[in-house]
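Take a look at the structure below.
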Amino acid sequence: MSKIEPMSTSALMGSTLEEIRFLTGFVEVLTYWVEAMFLTNIPENRNVVLNNAPFPSR
1 MSKIEPMSTS
11 ALMGSTLEEI
21 RFLTGFVEVL
31 TYWVEAMFLT
41 NIPENRNVVL
51 NNAPFPSR
């Protein structure tokens, strides 16, 4: 039976840093889209309703 070695701290940190870079890039893209594309296309005197409820599934 082979022994499974635990991941090194540097491997775990590298993986975590890659995830942080990915999420940071996603947030920057989303922020740009909201500011440049979404908010600029809302007519005056209109409201935006944001709903964070989960999508119902059957």
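Heads up: the sequence shown begins at 1 in full-length UniProt numbering, then just goes up one per residue. Ideal Cβ positions, reconstructed from N, Cα and C, are used throughout, including at glycine.
Whole angstroms is fine: what's the gap from residue i's alpha carbon to residue j's?
i, j, result
"Val34", "Leu23", "16 Å"
"Thr31", "Gly25", "10 Å"
"Met37", "Asn45", "18 Å"
"Ala53", "Leu39", "21 Å"
Report back the beta-carbon spacing between residue i and residue j to the nearest angstrom; my notes put them in contact at under 8 Å.
i, j, result
"Val48", "Ile42", "6 Å"
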